[in-house]
Amino acid sequence: MPDTAPMLELRDVEVRFSLKRSGLFGAIPQLRAVDGVSLTVQKGQTMAIVGESGSGKTTLALAIARLVPVAAGKIQMGDVDLLGLQGESLRTHRQHMQFIFQDPYSSLNPRLRAQDIVREPLDRLSIGSLESRNKRVQELFEQVGLRQDQLRLFPHQFSGGQRQRIGIARAIASSPSLVICDEPVSALDVGVQAQILNLLRTLQKDLNLTYMFISHDLGVVQHMCDSIAVMYMGKIVEQSDRESLFNNPQHPYTRALLSAVPSADPNRRNRGRRITISGDPPNPIDLPPGCRFASRCPLVEEHCKTVEPILKSRDPIHRVACHLV
Amino acid sequence: MAESLLSVSNLTVEFTTRGGVVPVIDDLSFDLGPGETLSLVGESGCGKSMTALAILGLIPSPPGVISAGSVTLQGEDLVQATDARLREIRGNEVSMVFQEPMTSLNPVYTVGEQIAETLRRHQGLTRNQAKSQAIQMIDAVQIPLPDRRVNDYPHQLSGGMRQRIMIAMALACQPKILIADEPTTALDVTVQAQIFDLMQNLQRETGAAIILITHDMGSVAEMAERVVVMYAGRKIEDGQVQDILLQPRHPYTRGLIACVPHLLDKVTTDRPFLQEVPGTVPPLSDFGFDGCMFAPRCDLVRDECWEEKPRDIQLTKTQSVACWEISTNNRLANA
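Those sequence lines, one after another, are chains A and B.
Using the numbering used here, the first residue of the first sequence is number 585, and each one after it goes up by one.
Using the numbering used here, the first residue of the second sequence is number 229, and each one after it goes up by one.
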């Protein structure tokens with residue numbers, strides 16, 4: 585652990601989306617995609633967010649990158665209040681936080697050459713002279729494992745894994761301190777996935793990057809993260825460091841999620857302690873009053889359906905939102 | 229193994245591309261017993277889905293054509309069968325569940341009508357009989373309130389429910405073989421666990437054999453008894469799941485298992501780098517290379533690999549592998 589200063593601090597962040605009004609005089613229904621999320625990411629570490637689709641993980645990432653409006657709360661990056669930034673100051677601050685997208689096919693402009701895609705953030709932020717930028721692009725290609733003769737190729741001439749390397753080179757071009765990786769490997773084949781995960785870890789060590797790592801693949805998350813937050817329906821239900829969460833999961837949802845992963849390891853499989861949770865998540869527009877997981881929880885009790893649990897600290901690092909823990 | 233239900237032997241499927249004729253499936257053979265679960269594993273572009281389409285006689289033609297080999301279902305060669313006969317077989321004796329449940333359901337018909345269509349067509353049921361049978365099927369795949377859901381359109385259902393509907397449709401006529409092409413890739417893990425449970429329960433009830441196409445060794449371990457590992461249109465290793473998982477012999481199979489960060493039961497601070505399989509699956513234009521297709525990515529590559537296609541070596545009664553490294557070692561051991 586190189587440095588334990590907080591890189592990013594979120595306090596009660598809320599993102600709401602307005603939906604279509606029901607009828608002429610009906611109220612505009614609000615969907616709370618992210619509902620009161622607080623977390624701290626340490627410098628040089630990887631914070632992973634896991635959860636099913638629709639749990640709000642991507643929306644949270646977009647909120648941190650200021651790509652969706654945040655309705656309430658506070659996001660502090662270093663000594664900068666991110667939500668206070670406007671216009672030009674926001675634009676220049678983007679140099680310090682960059683995004684790696686899920687789909688390497690749709691996130692690269694098909695009409696730009698690879699070198700121009702990687703140079704684009706430097707151009708936009710007017711970093712250095714054109715000559716020094718071009719030199720930087722060559723270094724970046726080297727760093728992410730692409731060849732110099734590929735500089736002038738177009739995205740369609742690359743394979744999926746190589747395209748994701750271009751996306752990574754673009755993200756680290758402006759020497760950011762925070763990189764948000766939104767499912768960076770889920771569109772890739774298993775063989776290529778390992779190459780990209782190893783690359784991300786090497787870059788983190790070399791450049792002292794802080795990662796916000798979003799994934800639904802728990803094996804990948806377990807391999808990559810230093811700390812982890814489990815989201816369900818817009819809320820964090822459990823949060824801890826890597827060892828404590830995986831060795832000692834507390835929330836029934838986390839346990840179900842972990843036990844649902846099919847395992848190639850016969851020892852793990854033969855334990856036969858799979859917790860299946862039935863049904864689908866509740867409708868996010870019309871949330872039940874109590875615990876959001878109550879309708880699917882195998883351990884549900886009467887007061888779970890009426891009183892919403894708050895995220896409580898079990899010890900300094902492990903926090904859980906469940907009445908039964 | 230007892231009498232095999234489906235027998236694929238020396239199947240070759242060729243596609244005409246701008247670069248010439250390439251074999252997307254190259255001399256593939258395997259057997260499937262009644263009630264057995266077999267898994268086809270490999271990265272994308274290795275011919276897994278093509279194999280499924282070839283079994284069902286759904287290879288798009290042109291550009292594709294089955295140029296050699298046979299697919300024998302209970303003594304009947306499906307490669308030679310007429311279109312009319314294939315239509316009778318599809319959905320009735322062999323049916324398929326596709327990867328993306330949204331695009332494979334028709335958005336303008338209710339799910340009940342879509343299940344009933346199979347029943348009317350294959351079993352000659354009347355409209356009313358088919359509908360009540362459809363309700364029973366929706367109930368069997370554990371969707372609550374089946375008599376109301378039967379009138380829902382696909383967009384009104386969640387991803388997991390749509391995939392259940394696909395399974396209900398595939399199993400409506402009690403097929404002998406269910407081909408599931410990455411049935412849970414688009415779904416969350418918790419839903420994936422539900423779908424796997426459901427498939428196993430239904431298999432126990434109907435006795436159907438399952439061909440599961442996947443790239444995830446975890447799913448293979450969970451579901452299948454036997455596994456066929458494919459690479460660039462060829463079978464490179466097959467055997468019982470526990471043998472392959474514990475003792476993979478082909479370098480590609482080993483890489484495929486080792487490169488995935490498997491969820492560990494007990495995590496420690498120690499985190500080694502993942503083992504990589506360098507490079508990617510070759511493009512279609514390189515298929516049919518007369519040598520080992522995996523040679524460019526293999527760390528044990530030797531001269532023979534570039535010169536001649538490795539033959540299947542029977543290692544045990546159930547496990548076989550096509551690799552020069554192993555065949556040479558075997559020869560040395562026997563000599």
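Quick reminder that beta carbons are idealized off the backbone N, C-alpha and C, glycines included.
The residue from A:637, A:842 and A:609 with its alpha-carbon nearest to that of residue 818 (chain A) is A:637. In this structure, residue 440 (chain B) lies near residue 265 (chain B), with their beta-carbon atoms less than 8 angstroms apart. Out of B:547, B:416 and B:405, the CA that lies nearest to the CA of residue 432 (chain B) is found in B:405. The C-beta separation of residue 366 (chain B) from residue 396 (chain B) comes to about 6 angstroms, placing the pair in contact by the 8 angstroms criterion.
Shown here, residue 339 (chain B) sits in a helix according to DSSP, grouped into three states. Taking each of B:307, B:302, B:262 and B:351 in turn and checking the Cα distance to residue 281 (chain B), the smallest one comes out for B:307. Close partners of residue 443 (chain B) in chain A (Cβ separation under 8 angstroms): 773 and 774. Judged by DSSP in its simplified three-state form, residue 442 (chain B) adopts strand. By the rule that beta-carbons nearer than 8 angstroms mark a contact, residue 861 (chain A) touches chain B. Among the residues facing chain A, residue 515 (chain B) is not included, as its CB has no counterpart in that chain under 8 angstroms away.
Assignment of residue 312 (chain B) by DSSP, reduced to helix, strand and coil, places it in the helix class. Residue-level contact check: residue 478 (chain B) does not touch chain A, since none of the beta carbons of chain A fall below 8 angstroms from its beta carbon. Residues of the segment 483 to 494 of chain B with a C-beta less than 8 angstroms from any C-beta of chain A: 483, 484, 485, 487, 488, 489, 490, 491, 492, 493 and 494, listed in chain order. Check the Cα spacing between residue 327 (chain B) and each of B:423, B:462, B:401 and B:261: the tightest is with B:423. In the structure shown, residue 626 (chain A) adopts extended strand secondary structure according to DSSP, grouped into three states. Per the C-alpha coordinates, the member of A:623, A:628, A:867 and A:706 positioned closest to residue 720 (chain A) is A:706. A contact is defined here as three or more CB-CB pairs under 8 angstroms, and the segment 637 to 654 of chain A fails this definition with respect to the segment 721 to 733 of chain A.
Residue-level contact by beta carbon holds for residue 847 (chain A) and chain B, with a gap shorter than 8 angstroms.
In the DSSP assignment, residue 717 (chain A) is bridged to no other residue.
Residue contact with chain B for residue 637 (chain A): present (Cβ-Cβ distance below 8 angstroms to some residue of chain B). Put simply, the backbone Cα of residue 461 (chain B) is about 17 angstroms away from that of residue 259 (chain B). Sorting B:555, B:495, B:427 and B:547 by C-alpha distance to the C-alpha of residue 520 (chain B) places B:555 at the top. Three or more Cβ pairs closer than 8 angstroms define a contact, and the segment 681 to 688 of chain A meets that threshold against the segment 755 to 771 of chain A. In chain order, 612, 613, 614, 615 and 869 place their CB closer than 8 angstroms to the CB of residue 603 (chain A), counting only its own chain and leaving out the 5 sequence neighbours on each side. Looking at the backbone, the Cα of residue 824 (chain A) and that of residue 414 (chain B) are separated by about 28 angstroms.
Taking 9 angstroms as the cut-off between beta carbons, the residues of the segment 778 to 791 of chain A near chain B are 778, 779, 781, 782, 785 and 786, in sequence order.
With respect to residue 398 (chain B), residue 324 (chain B) sits close: the two C-beta atoms are nearer than 8 angstroms. The beta-bridge partner set that DSSP reports for residue 632 (chain A) consists of A:797 and A:812. Look at residue 899 (chain A): its C-beta is not under 8 angstroms from any C-beta on chain B. Bounds of the alpha helix (DSSP H) holding residue 830 (chain A) are 826 to 831.
DSSP assignment within the segment 270 to 306 of chain B yields the following whole alpha helix (DSSP H) runs of 4 residues or more, N-terminal first: 276 to 283.
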